[in-house]
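Everything on this sheet refers to the single structure shown next.
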Amino acid sequence: MKKKDDEHVEKKADFSLEQYVDEIRQRAKEIFLTRGEDEGDALSDWLQAEKEIKKKYNIE
10 MKKKDDEHVE KKADFSLEQY VDEIRQRAKE IFLTRGEDEG DALSDWLQAE KEIKKKYNIE
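Terminal number for the sequence shown in this note's numbering: 69, no gaps in between.
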């Protein structure tokens with residue numbers, strides 16, 4: 010019988026770093042496009058996207 014902790018680890022393993030970064034990249038681009046493609050701060054877009062994705066997946 011598996012412990013809850015083991016199940017949690019297995020679920021986390023299904024989500025790769027590559028997928029995580031790709032989702033942040035996509036969201037950062039959406040933020041840029043929503044801004045009307047105006048020159049802006051790419052780092053701020055990335056950090057905002059990262060914050061949203063972390064919240065989505067309950068990552069601290």
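Glycine included, C-beta positions come from ideal geometry on N, C-alpha and C. The structure displayed is predicted, hence computed values, not measured ones.
Alpha helix (DSSP H) segment containing Arg36, residue limits
That run of the alpha helix (DSSP H) goes Leu26 to Thr43.
Which of helix, strand or coil does DSSP assign to Val18?
Unreliable positioning characterises Val18 in this predicted model, as indicated by a pLDDT of 46, which lies under 50. A coordinate reading is not provided.
Ile68 and Asp54 look like a contact to me (Cβ under 8 Å); what is the Cβ gap, rounded to whole Å?
The Cβ separation is near 19 Å, so there is no contact.
So what does DSSP say about Ile68, is it helix, strand or coil?
Reduced to three states, the DSSP call for Ile68 is coil.
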